[in-house]
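Here's the structure, in structure tokens; my notes come after.
Residue numbers (our numbering): 163 to 371.
Right under this line is the structure:
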């Protein structure tokens, strides 16, 4: 059965592509526009009150950050990114699904990595560039979701439930755990708010599916 194309799948594709890429590199490497409050004021909300609230939280935080003359917001958020998702010595909040599948997991390459690698292979996708990340990185999972949404928007035949099944099995299954780790390491930072947006956007995509 082909998916119903009643949602703004093109809009969701663009949104998840941006969110995924933003979890792969810090603002210092992406131009820093995402640390401008006006960017989030114009971010699509898909008629979701939760998405609207999440973007408003980002606007409020970035306006507050910019008013503190001691900090350059782009540098500040980039430092937070590195501390959370890169390290050293290790990430404050590991961005790989494998790390959240079992208690006490310390190895960032496991079943979730293989599952994502296979899904990407079936879609003709592969990780490229200099990121050298495992395929179960949250950013890559959101990028893969963006590709699925783009296929629907372009009229390709996608089985009903393929998107919802993917969300529930992968990013939706562990984004709250990742968010909890981020909140523990940086409770009043940028990325706890950013991941809150990712979470409600996933919910908005699944709403009505």
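All residues carry an ideal CB built from backbone N, CA and C; glycine is no exception.
Would you list the residues sitting across from residue i in a DSSP beta bridge?
| i | result |
| --- | --- |
| residue 299 | 258 |
Taking all protein chains shown into account, decide if residue i is buried (16 or more other Cβ within 10 angstroms of its Cβ) or exposed.
| i | result |
| --- | --- |
| residue 178 | buried |
| residue 324 | exposed |
| residue 169 | buried |
| residue 273 | exposed |
| residue 373 | The structure shown has nothing for residue 373, since the chain only spans 163 to 371. |
| residue 361 | buried |
| residue 193 | exposed |
| residue 298 | buried |
| residue 211 | exposed |
| residue 334 | buried |
| residue 250 | exposed |
| residue 248 | exposed |
| residue 222 | exposed |
| residue 351 | buried |
| residue 317 | exposed |
Please state whether DSSP places residue i in a helix, a strand or coil.
| i | result |
| --- | --- |
| residue 208 | coil |
| residue 287 | coil |
| residue 263 | coil |
| residue 182 | helix |
| residue 327 | helix |
| residue 173 | helix |
| residue 248 | coil |
| residue 188 | coil |
| residue 200 | helix |
| residue 193 | coil |
| residue 253 | coil |
| residue 234 | coil |
| residue 272 | coil |
| residue 229 | coil |
Stretch pair the stretch 184 to 201 + the stretch 335 to 348: three plus CB contacts closer than 8 Å: The stretch 184 to 201 and the stretch 335 to 348 do not touch, with fewer than 3 CB-CB distances between them shorter than 8 Å.
Can you give, in chain order, each stretch of the alpha helix (DSSP H) that sits fully within the stretch 329 to 371 and has at least 4 residues? Qualifying alpha helix (DSSP H) stretches, in chain order: 333 to 347, 352 to 368.
Cβ contact check for the stretch 188 to 206 and the stretch 240 to 250: 3 or more pairs under 8 Å: Using a C-beta cut-off of 8 Å, the stretch 188 to 206 makes contact with the stretch 240 to 250, since at least three inter-stretch Cβ pairs fall below that distance.
Stretch-stretch touch, CB-based, cutoff 8 Å, three pairs: the stretch 208 to 223 with the stretch 350 to 368: By the C-beta criterion, the stretch 208 to 223 is judged to be in contact with the stretch 350 to 368, since at least 3 inter-stretch pairs fall below 8 Å.
Taking 8 Å as the cut-off, does the stretch 305 to 312 touch the stretch 276 to 292 (at least 3 CB pairs, one atom from each stretch)? Three or more Cβ pairs closer than 8 Å define a contact, and the stretch 276 to 292 meets that threshold against the stretch 305 to 312.
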